[in-house]
Every structure is written in structure tokens, then in C-alpha cells.
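Below is one structure; the comments refer to it alone.
Residue numbers (our numbering): 1 to 348.
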């Protein structure tokens, strides 16, 4: 590969096509003291939502989005960026729109519609890379893991690229809450990690690991894929809730630990309790007090965790069975879009 294929230009913003996001705090970044933001027990088509996020970086590499309406159902997405926030933001902007465009003639969500939505999102981002690359070569190194869940009537679809995770909490025949992992993870082996190239094997973006024209090294075949793993699950009365979490949450919590936490805090901010439990574990692992971890500046080299997002959907089976619509709902972080709902707020 010639040096011309990898111009050594300084990092530039992607103007116009991906606007930079600033939080609603007077145009300044939030204070270095970590704060939880989110919602608790918000009603949607499929039940009730608890959402929590804590930001660790001075850019919004992790984003989430929830859309709930008929006939679409409830759609939840977590977009975990790496190398920058551009791919996560692009996927958050576009994947749901492509899913709507690919619904069947009967307005049913299908695995084919989901697969086509991921494909269109990937193609759109790679097209953006091709337009921006000469002035911003690092855009070819930006990618995003994507976890999407769709509940339409009694059917749940889970689609995943990367290492975020969806876990079902259900009641066993003995009356105990048990965890069932619904998503497949695409984690790179130790050899790839040691090379410092990649942590995951599937993602939106990361053009330099898929297309030779963006790679400094010879690339005989793509290292990464943007083909999601998709599963469908018919919901049952014993299925109580689904936890959607970004990678850091599962780095510190097992599936069973997570469902136990949600079971014990259903009415008191279960998503926030999940994030807090992960941060407590991170602090313990690094010999820090929890309070010191929260106060740590994002630029501190001792900073030990990335952004963490948890979304819990408490399933209202009777509501789904009767086809009750619930109220339309639209939420997004970091830029909240809402209908009859206050923007994401700090939760204590």
C-alpha cells in the first residue's frame, strides 16, 4: 500500500454531515464529577423503561435511542463508538430510519428487514468515509458496535454487532429469576488484541479493516464484518424484563448478577443500580473508593472506565397480548428527542 493511500493529515471535524454534539449545559461539557442521566419507569408500547447512562469521555462515543409507536412497536438501540463518536452518531441517526423503510408490506418487522437496515447503515457510513477521507483520514478508523432490540406484538428481535449485550430476565419453573443471554458477541481473539488493531470483529465503520484503499497495510480480505447476529424470541408470560447494556456493564457484571439487581430494584431505578454496581466493581478492581472514581477527571490517566449505558425494558405481556398501543415515545442520548416526555435528566 502506498503512502498516498494513507495521508498523514491532522484530525478534522466532519463538518455539516455529522454535526458535533454539545450537551444542554450552556455550551460547556458537564463537570468532571460523574453524574447519572436517564429515565425511570417510562411507559412505552411494550411496557416500561428504566434508562441510565454515565459519561466518562469528553465526547459522546456511546449513544442510545428509543422509539415506540404503532405499528413499529418498541425499538431500543445502543451504539458504542470507538476511535471517535462519528460512527455511533451516524448509526443512531440512520439505522432506525432504514428499519422503518424496510418493513414488510404488512408493516411487520422481520429478520430480513433488520439485516437490510444494518447493511444500508454500513453502506451510508462507508460512503461518508469516502467523501471525507482525503481531508480527514482518521475517519476510516472510526467504528461503532450496535445492539438493537425490537418488540412488535409478542415477538422480540435482537440484532448485534460487537460486544454490547442483551439479557432476558425470566421466572423459572421454581419461581426464581434466571438470566438468558439473547445476543451473540463478536470479540476479537487475543492475537488481534495484542496487535492493537481491534477489540471486536463486527461493527459499523472501521473502514481501514474492511477496504484496502483505507488501510496502511496490505489487506487481502476484510478483518471486520457489518453483518449482525439476529435472533427472534416469542415472548412468554414468564419473561419479565430485558437488559440492554454497553460492553463496560458486562465487563463487571455477570448476566445473573444483573438480573438479580433488576429484580430487587424494579421500582427504584433499576438501570441506575446496574450502572452503579458496575462502577463499584470497577473501583474495587482498581483499588479506588467509589466516591473517588466518580470525582475523577476524565483526563486523569488513572481513569478506569468508559461510558456506561443500561436500558431495562419491563415487559407488559398483557398489554402486548391485547395490542394496546401505549403512548408514542422517542428518546435519545445525548440529544433527546421527545413527544410528551421531558429530556434526559440527571437522576440521583
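Built from N, CA and C at the ideal position, the CB exists for glycine as well.
Inter-residue Cα distance where the pair is residue i and residue j
{"i": "residue 170", "j": "residue 237", "result": "9 Å"}
{"i": "residue 182", "j": "residue 158", "result": "7 Å"}
{"i": "residue 333", "j": "residue 60", "result": "9 Å"}
{"i": "residue 233", "j": "residue 94", "result": "25 Å"}
{"i": "residue 63", "j": "residue 217", "result": "31 Å"}
{"i": "residue 96", "j": "residue 132", "result": "24 Å"}
{"i": "residue 122", "j": "residue 226", "result": "7 Å"}
{"i": "residue 103", "j": "residue 270", "result": "32 Å"}
{"i": "residue 285", "j": "residue 293", "result": "11 Å"}
{"i": "residue 85", "j": "residue 179", "result": "31 Å"}
{"i": "residue 198", "j": "residue 99", "result": "28 Å"}
{"i": "residue 254", "j": "residue 235", "result": "23 Å"}
{"i": "residue 209", "j": "residue 221", "result": "9 Å"}
{"i": "residue 268", "j": "residue 111", "result": "34 Å"}
{"i": "residue 138", "j": "residue 130", "result": "12 Å"}
N-terminal and C-terminal residue of the alpha helix (DSSP H) that residue i is part of
{"i": "residue 113", "result": "111 to 132"}
{"i": "residue 94", "result": "86 to 101"}
{"i": "residue 318", "result": "317 to 322"}
{"i": "residue 252", "result": "247 to 252"}
Close-in-space but distant-in-sequence residues of the same chain around residue i (CB under 7 Å, 5 per side omitted)
{"i": "residue 87", "result": "81, 125, 142, 143, 144, 204 and 205"}
Contacting residues, own chain, Cβ-Cβ under 6 Å from residue i (five flanking each side not counted)
{"i": "residue 252", "result": "278, 281 and 282"}
{"i": "residue 76", "result": "66, 149, 244 and 311"}
{"i": "residue 118", "result": "228"}
{"i": "residue 273", "result": "261 and 265"}
{"i": "residue 69", "result": "328"}
Endpoints, beta strand (DSSP E) assigned at residue i
{"i": "residue 54", "result": "47 to 54"}
{"i": "residue 333", "result": "329 to 333"}
{"i": "residue 255", "result": "Element bounds for residue 255: not the beta strand (DSSP E) but the alpha helix (DSSP H), 255 to 264."}
{"i": "residue 283", "result": "Residue 283 -> not in any beta strand (DSSP E); alpha helix (DSSP H) instead, spanning 270 to 285."}
{"i": "residue 136", "result": "It is not in any beta strand (DSSP E) - residue 136 carries neither H nor E in the DSSP assignment."}
{"i": "residue 64", "result": "62 to 69"}
{"i": "residue 180", "result": "177 to 181"}
{"i": "residue 155", "result": "155 to 161"}
{"i": "residue 170", "result": "165 to 171"}
{"i": "residue 43", "result": "36 to 44"}
{"i": "residue 224", "result": "Run containing residue 224: none; DSSP gives neither H nor E here."}
{"i": "residue 75", "result": "73 to 82"}
{"i": "residue 229", "result": "229 to 234"}
{"i": "residue 107", "result": "Segment: none, residue 107 is in no beta strand (DSSP E) and carries neither H nor E."}
{"i": "residue 147", "result": "143 to 152"}
Beta carbon of residue i nearer than 7 Å to that of residue j
{"i": "residue 73", "j": "residue 151", "result": "yes"}
{"i": "residue 219", "j": "residue 308", "result": "no"}
{"i": "residue 79", "j": "residue 146", "result": "yes"}
{"i": "residue 52", "j": "residue 262", "result": "no"}
{"i": "residue 177", "j": "residue 239", "result": "no"}
{"i": "residue 186", "j": "residue 200", "result": "yes"}
Buried or exposed (CB count within 10 angstroms, at least 16 for buried), residue i
{"i": "residue 321", "result": "exposed"}
{"i": "residue 89", "result": "buried"}
{"i": "residue 71", "result": "exposed"}
{"i": "residue 165", "result": "buried"}
{"i": "residue 83", "result": "buried"}
{"i": "residue 55", "result": "buried"}
{"i": "residue 323", "result": "exposed"}
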